[in-house]
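Working notes for the structure below.
Number of protein chains: 2
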Amino acid sequence: MEKKKELPLCPVETTVGLISNKWKILILRELLKGTKRFGELRSGIDGISQKVLTQNLRSMEEDGIIQRHAYPEVPPRVEYSLSDLGETLKPIISSMEQWGLGYQEMINNG
Amino acid sequence: MEKKKELPLCPVETTVGLISNKWKILILRELLKGTKRFGELRSGIDGISQKVLTQNLRSMEEDGIIQRHAYPEVPPRVEYSLSDLGETLKPIISSMEQWGLGYQEMINNG
DNA sequence: TCCGTTGGTTACTAAAAGGTTCCTATATAA
DNA sequence: TTATATAGGAACCTTTTAGTAACCAACGGA
Numbered sequence: 001m002e003k004k005k006e007l008p009l010c011p012v013e014t015t016v017g018l019i020s021n022k023w024k025i026l027i028l029r030e031l032l033k034g035t036k037r038f039g040e041l042r043s044g045i046d047g048i049s050q051k052v053l054t055q056n057l058r059s060m061e062e063d064g065i066i067q068r069h070a071y072p073e074v075p076p077r078v079e080y081s082l083s084d085l086g087e088t089l090k091p092i093i094s095s096m097e098q099w100g101l102g103y104q105e106m107i108n109n110g
Numbered sequence: 001m002e003k004k005k006e007l008p009l010c011p012v013e014t015t016v017g018l019i020s021n022k023w024k025i026l027i028l029r030e031l032l033k034g035t036k037r038f039g040e041l042r043s044g045i046d047g048i049s050q051k052v053l054t055q056n057l058r059s060m061e062e063d064g065i066i067q068r069h070a071y072p073e074v075p076p077r078v079e080y081s082l083s084d085l086g087e088t089l090k091p092i093i094s095s096m097e098q099w100g101l102g103y104q105e106m107i108n109n110g
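Top to bottom, those sequences are chains A and B.
When we follow UniProt numbering, the leftmost residue of the first sequence carries the number 1, and every step to the right adds one.
When we follow UniProt numbering, the leftmost residue of the second sequence carries the number 1, and every step to the right adds one.
What follows is the structure in structure tokens.
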């Protein structure tokens, strides 16, 4: 999903390389609330398909921003959570949330 | 480029709807430095093609986050700048820049 | 008269992303 | 005995996005 080449010089580009994808940002939004099971993520993110959720989770795991923990149970239970690195992305999501709130307000009663 | 349906309830999703695209974020990065001509944007954003730049500029203009000013000269001169709304996105780009700096540092001498 | 410059547009093609459907394993409950 | 629940994987297809190349208009200068 992400190419593992050298980092771009521009820090914005570096960041964008990791979370430019819409779904990843929504996954982050969910995981910032705490550890979640696969099914919880699936139902918490409107419109995401199982395939796309899996793909993005794998990619984010590879990038070291989330952690996956599978319990050897039946039926299977798999929990996802942010890594320490993933937690550091919080300010970005928060700024998006803040902006979105202001924008919604502007649109709705502007 | 963006569908003009109702806003999502989630503010993060609202924001993501406007700037989920990698190129738009890089365009914002450029325009946060100030007004730029089409050609300057083109050369300032590594790897962007003329078509994609034009498309995204149109879309962002429709969304009201940038402004386009064409001067009736030959050869043509077209300047792009952030609208007031566009300026309010600055904290998002800044947080990405901050994060990217930290990440680069971590990778390079971690 | 023809060239170069700028900021596009259009048509065609390739690649990436996403959607859908079907399949699996197995403990447990009914 | 059989249905159920969970977290995927595989195959196939459609849609979206991006890249490439060609073309254009208009004026000023050589």
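Virtual Cβ for every residue (Gly too), placed ideally from N, Cα, C.
Owing to the predicted nature of the structure, the values given are computational and were not obtained by experimental measurement.
{"Item": "Pull up the DSSP beta-bridge partners for A:E79, would you.", "Value": "A:R37, A:H69"}
{"Item": "Under the rule that 16 or more other beta-carbon atoms within 10 Å means buried, what is A:M1, buried or exposed?", "Value": "Because A:M1 sits at a pLDDT of 44, beneath the cut-off of 50, its placement in the model cannot be relied upon, and the following sentence gives the value as read from the coordinates. Exposed, because fewer than 16 other Cβ atoms sit within 10 Å of the Cβ of A:M1."}
{"Item": "Which residues of the region 58-84 of chain A have a Cβ closer than 8 Å to any Cβ of chain B? Give them in chain order.", "Value": "none"}
{"Item": "Apart from the five residues just before and just after A:E30, which ones in its own chain have a Cβ nearer than 7 Å to its Cβ?", "Value": "K36, L41, G44, I45"}
{"Item": "Give the straight-line distance between the Cα atoms of A:K4 and B:A70, rounded to the nearest whole angstrom.", "Value": "Note that A:K4 scores a pLDDT of 43, beneath 50, so its modelled location is shaky and nothing firm can be said."}
{"Item": "Please confirm whether residue 151 of chain B has its beta-carbon closer than 8 Å to some beta-carbon of chain A.", "Value": "Outside the displayed span of chain B (1 to 110) sits residue 151 of chain B, for which this structure offers no information."}
{"Item": "Restricting to Cα atoms, I'd like to know which of A:P75, A:Y80, A:M60, A:R58 is closest to A:R68.", "Value": "A:Y80"}
{"Item": "Leaving out the 5 sequence neighbours to the left and right, which residues in its chain are closer than 8 Å to B:T15 when beta-carbon positions are compared?", "Value": "I92"}
{"Item": "By the 9 Å beta-carbon criterion, what residues does the region 9-20 of chain B contribute toward chain A?", "Value": "L9, C10, P11, V12, E13, T14, T15, V16, G17, L18, I19, S20"}
{"Item": "Return the CA-CA distance between B:T88 and A:I27, expressed in angstroms with no decimal places.", "Value": "24 Å"}
{"Item": "With a threshold of 16 other CB atoms inside 10 Å of the CB of B:G100, please say whether the residue is buried or exposed.", "Value": "buried"}
{"Item": "Between the region 15-25 of chain A and the region 54-65 of chain B, are three or more C-beta pairs nearer than 8 Å?", "Value": "no"}
{"Item": "Note down the Cα distance separating B:K24 from B:E6, rounded to an integer number of angstroms.", "Value": "21 Å"}
{"Item": "Whose CA, out of B:P75, B:I48, B:V78, B:S83, lies closest to the CA of B:D63?", "Value": "B:S83"}
{"Item": "Nearest-angstrom Cα distance between B:M60 and B:I66?", "Value": "6 Å"}
{"Item": "Looking at chain B, is there any beta carbon in it that lies within less than 8 Å of the beta carbon of A:L26?", "Value": "yes"}
{"Item": "Could you name the residues of chain A that B:E29 contacts, counting a contact when the two beta carbons are closer than 7 Å?", "Value": "Sequence check: residue 29 of chain B is Arg here, not Glu. Per Cβ cutoff of 7 Å: V12."}
{"Item": "Output the boundary residues of the alpha helix (DSSP H) element that contains A:L28.", "Value": "22-31"}
{"Item": "Flag B:G34 as yes when its Cβ comes closer than 7 Å to any non-hydrogen atom of the ligand FMN, and as no otherwise.", "Value": "With respect to the ligand FMN, the structure offers nothing, as it holds no ligand at all."}
{"Item": "Does the beta-carbon of B:M96 have 16 or more other beta-carbons within 10 angstroms, so that it is buried, or is it exposed?", "Value": "buried"}
{"Item": "Determine the DSSP secondary structure at B:L7, reduced to helix, strand or coil.", "Value": "coil"}
{"Item": "Would DSSP call B:G64 helix, strand or coil?", "Value": "coil"}
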